[in-house]
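What follows is a short report on a single structure.
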């Protein structure tokens, strides 16, 4: 645990990223963030939203710019939190996500976001996280997860691209984890190129062609069809109504 805190306390440094460079790089994620906000975030702008493993809070800033007012981000990396403070992003708190959820009132949160978080957790911790999320979400509340997709032919690029990554899920295995936590409703989406420019249109069309090849390759070997083939996958998890 001590080694883990050491890694995360200097997370940006370990990646070889200066803080200004990291902030500039995050700008390239804005189309993805806008996509998440448009298609997955609650309709109500006053919904209570928490992002677990929020980094420097760029998604939360995008959400605030879109009109959302009740926002909180939690991250273990002091460097990330300090960058948020330097950029005047006020929603980010330095804390352990497990400890913070344990202090959160049950049935009090409308929407929880975890982008590129669960791959940093061992299986037991991820199970604890899932159970806590189920506890604090309101009935019909939702949890947006983006994580590495073990089904992708090139998942290793992300899985082994960061020494703090501990675990990789497939749609089937993460469903097991979610069911054990009490969830019964979840949908899976590919993290495909987001169309926002001429270049991204070309990437999107080329991806559609390539994924047919990947799908065929898996079907030939296993006789089974896989529909989520991108290196990352998105899961929308919904807590049942009371």
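Numbering (the working numbering), first residue to last: 1456 to 1697.
Each residue gets a CB set at the ideal place from its N, CA and C atoms; glycine is no exception.
| Check | Outcome |
| --- | --- |
| Cut-off 8 Å between Cβ atoms - residues of its own chain near residue 1560, not counting five sequence neighbours on either side | 1591 |
| Beta-carbon proximity check, residue 1512 vs residue 1546, cutoff 7 Å | yes |
| Cut-off 6 Å between Cβ atoms - residues of its own chain near residue 1588, not counting five sequence neighbours on either side | 1567, 1598 |
| Rounded Cβ spacing between residue 1606 and residue 1684 (contact assumed at less than 8 Å) | 6 Å |
| Extent of the continuous alpha helix (DSSP H) to which residue 1520 belongs | 1513-1520 |
| Host beta strand (DSSP E) of residue 1602 (start-end) | 1592-1603 |
| Terminal residues of the beta strand (DSSP E) in which residue 1643 lies | 1640-1645 |
| Distance between residue 1534 and residue 1680 (C-alpha atoms, nearest Å) | 42 Å |
| Touch test, the stretch 1640-1655 against the stretch 1608-1619, Cβ-Cβ under 8 Å, three pairs minimum | no |
| Touching by the beta-carbon criterion (3+ pairs, under 8 Å), the stretch 1574-1585 and the stretch 1615-1635 | yes |
| Cα-Cα separation between residue 1584 and residue 1553, rounded to whole angstroms | 6 Å |
| Coil, strand or helix - residue 1697 by DSSP | coil |
| Classification of residue 1688 by the beta-carbon crowding that lies within 10 angstroms, buried from 16 upward | buried |
| Whole-angstrom distance between residue 1521 and residue 1493, CA atom to CA atom | 9 Å |
| Per DSSP, cross-strand counterpart(s) of residue 1566 | 1504, 1597 |
| Outcome for residue 1675 when other beta-carbon atoms lying within 10 angstroms are tallied against a minimum of 16 | exposed |
| Sub-7 Å separation of residue 1572 and residue 1551 beta-carbons | no |
| The stretch 1623-1642 contacting the stretch 1651-1669, beta-carbon criterion three pairs below 8 Å | no |
| Expected contact under 8 Å - CB spacing of residue 1526 and residue 1515 to nearest Å | 5 Å |
| Cutoff 7 Å; reference residue 1595; Cβ partners in own chain excluding five residues on either side | 1693, 1694, 1696 |
| Rounded C-alpha distance that separates residue 1480 from residue 1563 | Per-residue confidence for residue 1480 stands at a pLDDT of 49, beneath the threshold of 50, marking its modelled position as unreliable; no derived number is given. |
| Complete runs of the alpha helix (DSSP H) confined to the stretch 1610-1670 [at least 4 residues] | 1611-1614, 1626-1635 |
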